[in-house]
Every structure is written in C-alpha cells, then in structure tokens.
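5 is the number of the first residue of the sequence shown in our numbering; add one for each residue after it. First the structure, in the form of structure tokens, and then the observations on it.
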Amino acid sequence: MTAYQDDIKHFNQVCQQAGAAWNAISPEYAARMKLQNRFKTGLDIAQYTADIMRADMAAYDADASQYTQSLGCWHGFIGQQKLIAIKKHFGSTKRKYLYLSGWMIAALRSEFGPLPDQSMHEKTSVPALIEELYTFLRQADARELGGLFNQLDDATDDAKKAEIQAKIDNFETHVVPIIADIDAGFGNAEATYLLAKKMIEAGACAIQIENQVSDEKQCGHQDGKVTVPHADFLAKINAVRYAFLELGIDNGIIVARTDSLGAGLTKQIAVTNQPGDLGDLYNSFLDGDVITGADDIANGDVVVKANGKLLKPKRLASGLFQFKAGSGVDRVVLDCITSLQNGADLLWIETEKPHVGQIAEMVNRIREVVPNAKLVYNNSPSFNWTLNFRQQVFDAWQQAGKDVSQYDRKLLMSAEYDSTELAQEADNRIRTFQADAAREAGIFHHLITLPTYHTAALSTDNLAKEYFGDAGMLGYVAGVQRKEIRQGIACVKHQNMSGSDIGDDHKEYFSGEAALKAGGKHNTMNQF
Numbered sequence: 005m006t007a008y009q010d011d012i013k014h015f016n017q018v019c020q021q022a023g024a025a026w027n028a029i030s031p032e033y034a035a036r037m038k039l040q041n042r043f044k045t046g047l048d049i050a051q052y053t054a055d056i057m058r059a060d061m062a063a064y065d066a067d068a069s070q071y072t073q074s075l076g077c078w079h080g081f082i083g084q085q086k087l088i089a090i091k092k093h094f095g096s097t098k099r100k101y102l103y104l105s106g107w108m109i110a111a112l113r114s115e116f117g118p119l120p121d122q123s124m125h126e127k128t129s130v131p132a133l134i135e136e137l138y139t140f141l142r143q144a145d146a147r148e149l150g151g152l153f154n155q156l157d158d159a160t161d162d163a164k165k166a167e168i169q170a171k172i173d174n175f176e177t178h179v180v181p182i183i184a185d186i187d188a189g190f191g192n193a194e195a196t197y198l199l200a201k202k203m204i205e206a207g208a209c210a211i212q213i214e215n216q217v218s219d220e221k222q223c224g225h226q227d228g229k230v231t232v233p234h235a236d237f238l239a240k241i242n243a244v245r246y247a248f249l250e251l252g253i254d255n256g257i258i259v260a261r262t263d264s265l266g267a268g269l270t271k272q273i274a275v276t277n278q279p280g281d282l283g284d285l286y287n288s289f290l291d292g293d294v295i296t297g298a299d300d301i302a303n304g305d306v307v308v309k310a311n312g313k314l315l316k317p318k319r320l321a322s323g324l325f326q327f328k329a330g331s332g333v334d335r336v337v338l339d340c341i342t343s344l345q346n347g348a349d350l351l352w353i354e355t356e357k358p359h360v361g362q363i364a365e366m367v368n369r370i371r372e373v374v375p376n377a378k379l380v381y382n383n384s385p386s387f388n389w390t391l392n393f394r395q396q397v398f399d400a401w402q403q404a405g406k407d408v409s410q411y412d413r414k415l416l417m418s419a420e421y422d423s424t425e426l427a428q429e430a431d432n433r434i435r436t437f438q439a440d441a442a443r444e445a446g447i448f449h450h451l452i453t454l455p456t457y458h459t460a461a462l463s464t465d466n467l468a469k470e471y472f473g474d475a476g477m478l479g480y481v482a483g484v485q486r487k488e489i490r491q492g493i494a495c496v497k498h499q500n501m502s503g504s505d506i507g508d509d510h511k512e513y514f515s516g517e518a519a520l521k522a523g524g525k526h527n528t529m530n531q532f
C-alpha cells in the first residue's frame, strides 16, 4: 500500500469517527491536499534539504564528477520556474540547488530601492526571500500533483490508472537545498545568531558567511574589502552553528567564505597571547616597518610584536591597517584551514578570475591539512568569461611555443575572433570548467550568483526593442509566446501557474457540484 492510499485509509477512519457531521468530507480529497503540502514548516524543509546536501557531499567525496550546481534567484517565481524547467529537461532535481544572493536582495528586494552590495538592505529581507522561494516551490508541487490527480480521475482503464498512480507514488518534490547568503552577519555575533535562526526557520539548510567586517562590507568583486581577525569570524561561525542546533537541524551546513585574496586591509590588529598563535599569524601579514627603539615611533603610531619583531603597521587615514602586498594566497589558505578546523563544513574562496589552476593551487595547500576540504565556488557574472578564457588559451599556447601572432591579447573579446581556433578552444574550456574544477580544484558546488538578474534585463531589452518598434505585437508573439508554446514552457498557461486550477479543485472539494469554477470551456487558457 502506498503513502497516498495509507492517507486515504487514515482520513476515512477519522471521518467515520467524527460521524455524520463529516459526511461531506472526502477522505481521498483530504489525502490529496496533504500530499500537495508535504512540508508543513520551514524547519521541515531545512531538515529535509540538509539531509540531501550531506548525502551529496559524501557522494562528491567518493566521486568528484558528482558535483552540485545552482543558480541565484531573486524572486520565488524565478526559483519555481527554474526547478520546473530542471524537472522537465532532466527528469530529476538531483544535485540541483538554489542560491540566494545578498547582492540581488540589495539590488532588487530592498525597500530603499536598488542598493550596492554593502549590507545596507534590511536583514529581514533575507529570511523573507527564503520563505518566498519555498512557498513557490511548494506551490509547484501542488500544481503538478493536482494535474496528476485530475488525470487519475479521468483515466478509464486500469493500466492508465496504475501508470498515473505510480507517478503520484514516486513524485519528486521541487523543494531543493538553498545556500543562503548572510553576508558578514549583519552586526556582531549575537546579531548573526538571531538572523541565522530566522533564515533556518524559513527553510535554509546552508548558510554562507564571509570574513569581512560588517560595517565596511563590500561586494566580493569590488575594491576596498576589509577582513576581520580569525577570532571574530569564528565567533560568527559558532553563532550560526548554535542556531542550527537550537532549532534541531544538527546537520546544518556552514559555508565559510574568505575574501582575503582581494582584501588588502584589516580594521583591527588581532589579539595574540603567544608567538605562533592565530592572532600572531594574522598580525604577521601586516605591512609596516620594523623598529628598533622609541625614536622610530611618532605620535599616534601603533606598534605590534609579530614574528618576534616590533612592527609599526602601515595605518591609513581611515584608521585601517594594510596587509603586505602578495600575501593574499597565504592568508586565504590560513583562513580556510582555520574555518574548517573550527566548525565550517564548506569553503568559498572569492577570486578575481575563473582559473582552475589558481583555485587548485590554494585548495591543494588546504588539503595538506584538511584532506576532504571542499569548495562552493562563484561562477560569477562579474568575470568577463570570454576574455579571461581566451587569454588563458593565448598564454598557454604562447608558453607551448605555438604561433599566436594573428591574435592581439588585449583585444581578444572582439567578435572578429569568434570563429577562430583560439576562441573555440576557449569556449570548450568554459563548457568544461565546472567538471574540470570539480575534479582538479575541489569544487563541490558551482553557482552563478546573479544570472537571473541578467536574463531578466536581456529578455526585457529584446522585448522592448521589438514591441515598441516596427514589429509591434509580433515582437511579443514571435519572441515570447510562440516560443513558450513550442518549447512547452509551463507558464504559457499563466492562470494555471498562478493557482487557478488548484483553486478550482478546492472549490469542488468544498462545494461539490455548486462550485463556480474558472476553468470551464470559456477560459481562454484552453487555447494552449
């Protein structure tokens, strides 16, 4: 007996116990509604998706080809359509996640309007978007199952009924893990803990936190990034872990992000108690002048003992301290090892370009200490992927002694190179980048932070150009609707997508033949 049939049996018993007053309640309809609403709370979702993600991490450890992927989504509808498309094209959502980008919340979801990615948006908008995404994914479940229930009712032979029943019994939910960006924690460790709780209660099983200062936080691809000493960052990792444990998600995932590769500044000198401790190691990267006596110290100077020497760190007019040039990689490695040894589960290294060799160099050093270290990596739209990879091919060919005289390295973005051998090789490297980096550089999860921001802008630009131009209505019909119909895009039936058919089903459940349904013969949606 299937879970669906078990639920029918259960509700039949409940209705019988209630007596004649419940005669209008159909046990089968109640079972359908329960199945359409599998997840009752955000914590149910967080536990379900944490289990999935932990299993995926173990699978990757055994086989690096089993990496995972996600796209960043800034609205519940966008996330819903992504998962519907994944099920349509690939038949399963396995190893496919969602990413929640702080950048997109700042740019698109703040009551202040578009904001830079500097943690100025309302912190409550983060758990609100998590809840919104899962509301839309749960609605996608209800919609698809509702269609199957209607097919079951319309089936006229036992074989067809058995086929549809099997689809119901083996239904795969649209609910998948979300890796959610908490930026630098939006304040001190207590603030981080409180926000993490809200995010987990909304359904987040994985929280990504970065080692920048909260009040000076910058986008990872902008200048002016300022990091904090390890002790400060580890306190926030602890805060997130306590939030998971308090809420019963014992296997929740923490992604520790380091921005040290591109961050040349720190706001404070680390506390150190003895040579070689974590604070001393952090301070050893400070740029400054070694001094020998009091005469080398001017009014207002700060002096720290690091590496056994007295150092006068370089202090900027802003009061920030500067790191030594070229120390970024070493700081990244120390950050990552420290985070993994103190409660983080996954790493995020923010880089300035997508280069497998560069990432692998750092990961290999980390794995000398923590062998199963794994990365979440940002396949960022901030990179010029075409130019980067064409230049990588150019450099590799030049180093191998291949003639590259027909190419101008600085101008490789030009369309005149699109059909060349170099451009084709670069495109192939872009195509295989995720698999290559998963295999060679320890990347467990590949994401694109803000792809749907760009696709929305691109598609809107194309539609505006056509619709307001000579094409008129044909701009919409040929550019959008005709493609939706022929590609089988579910939301071409937008009334159905918004829940009209689910509502009709419920009206029939509640009112029987007296139900006033919207999906009758005069509904223009029947044209599709």
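Glycine included, every Cβ here is placed at the ideal spot set by N, Cα and C. Predicted, not measured: the structure shown is a model, and the values here were computed from it.
Assumed close pair residue i, residue j - CB separation to whole angstroms, cut-off 8 Å
{"i": "alanine 111", "j": "leucine 104", "result": "Contact doesn't hold; Cβ gap of about 13 Å is too wide."}
{"i": "glutamate 205", "j": "glycine 46", "result": "5 Å"}
{"i": "histidine 178", "j": "alanine 144", "result": "4 Å"}
{"i": "threonine 270", "j": "threonine 231", "result": "6 Å"}
Rounded C-alpha distance that separates residue i from residue j
{"i": "alanine 400", "j": "isoleucine 341", "result": "31 Å"}
{"i": "proline 358", "j": "alanine 404", "result": "21 Å"}
{"i": "lysine 229", "j": "threonine 262", "result": "11 Å"}
{"i": "isoleucine 370", "j": "glutamate 136", "result": "37 Å"}
{"i": "glutamine 438", "j": "phenylalanine 175", "result": "29 Å"}
{"i": "alanine 60", "j": "glycine 283", "result": "The sequence shown places aspartate at residue 60, rather than the alanine named in the question. Answer to the nearest angstrom: the Cα atoms are 35 Å apart."}
{"i": "asparagine 346", "j": "glycine 268", "result": "24 Å"}
{"i": "phenylalanine 327", "j": "alanine 274", "result": "13 Å"}
{"i": "methionine 108", "j": "asparagine 382", "result": "14 Å"}
{"i": "proline 131", "j": "leucine 238", "result": "22 Å"}
{"i": "threonine 139", "j": "lysine 86", "result": "14 Å"}
{"i": "glutamine 20", "j": "alanine 210", "result": "44 Å"}
{"i": "glycine 292", "j": "phenylalanine 325", "result": "9 Å"}
{"i": "alanine 25", "j": "alanine 482", "result": "55 Å"}
{"i": "leucine 426", "j": "phenylalanine 398", "result": "7 Å"}
{"i": "glycine 224", "j": "glutamate 354", "result": "Its pLDDT being 46, under 50, glycine 224 is placed unreliably in this model, and the coordinates cannot settle the point."}
{"i": "histidine 125", "j": "aspartate 161", "result": "57 Å"}
{"i": "arginine 490", "j": "aspartate 422", "result": "30 Å"}
{"i": "glutamate 32", "j": "glycine 503", "result": "20 Å"}
{"i": "alanine 475", "j": "valine 217", "result": "51 Å"}
{"i": "lysine 164", "j": "leucine 520", "result": "29 Å"}
{"i": "glutamine 402", "j": "leucine 415", "result": "16 Å"}
C-beta atoms of residue i and residue j nearer than 8 Å
{"i": "alanine 310", "j": "leucine 338", "result": "no"}
{"i": "isoleucine 434", "j": "alanine 441", "result": "no"}
{"i": "alanine 506", "j": "alanine 146", "result": "Here residue 506 turns out to be isoleucine, not alanine, going by the sequence shown. In contact: isoleucine 506 and alanine 146 (Cβ atoms closer than 8 Å)."}
{"i": "tyrosine 101", "j": "lysine 378", "result": "no"}
{"i": "glutamine 73", "j": "leucine 451", "result": "yes"}
{"i": "glutamine 169", "j": "proline 233", "result": "no"}
{"i": "arginine 142", "j": "phenylalanine 81", "result": "no"}
{"i": "isoleucine 134", "j": "methionine 203", "result": "yes"}
{"i": "lysine 240", "j": "isoleucine 213", "result": "yes"}
{"i": "methionine 417", "j": "asparagine 388", "result": "yes"}
{"i": "alanine 243", "j": "alanine 200", "result": "yes"}
{"i": "alanine 235", "j": "tyrosine 197", "result": "no"}
{"i": "valine 336", "j": "serine 264", "result": "yes"}
{"i": "valine 308", "j": "isoleucine 301", "result": "no"}
{"i": "glycine 23", "j": "proline 455", "result": "no"}
{"i": "arginine 99", "j": "glutamine 122", "result": "no"}
{"i": "valine 380", "j": "histidine 449", "result": "yes"}
{"i": "alanine 430", "j": "valine 360", "result": "no"}
{"i": "phenylalanine 190", "j": "lysine 127", "result": "yes"}
{"i": "tyrosine 513", "j": "serine 30", "result": "yes"}
{"i": "leucine 39", "j": "leucine 149", "result": "yes"}
{"i": "methionine 366", "j": "valine 408", "result": "no"}
{"i": "alanine 50", "j": "isoleucine 253", "result": "yes"}
{"i": "glutamate 356", "j": "glycine 266", "result": "yes"}
{"i": "alanine 28", "j": "phenylalanine 15", "result": "no"}
One or two residues paired with residue i in a DSSP bridge
{"i": "glycine 76", "result": "Tyr103"}
{"i": "asparagine 382", "result": "Leu451"}
{"i": "leucine 315", "result": "Val294 and Val308"}
{"i": "threonine 270", "result": "Thr231 and Phe325"}
{"i": "glycine 185", "result": "The question names glycine, but residue 185 is aspartate in the sequence shown. Gln212, per the DSSP bridge assignment."}
{"i": "leucine 350", "result": "Val259"}
Any non-hydrogen atom of the ligand ZN closer than 7 Å to residue i Cβ
{"i": "aspartate 65", "result": "No copy of the ligand ZN appears in this structure; indeed no ligand is present at all."}
Original post:
Taking three-plus beta-carbon pairs below 8 Å as touching, is the segment 250-266 in contact with the segment 50-61?
Top reply: yes
Original post:
Any chance the segment 153-167 sits against the segment 175-185, with 3 or more Cβ pairs inside 8 Å?
Top reply: no
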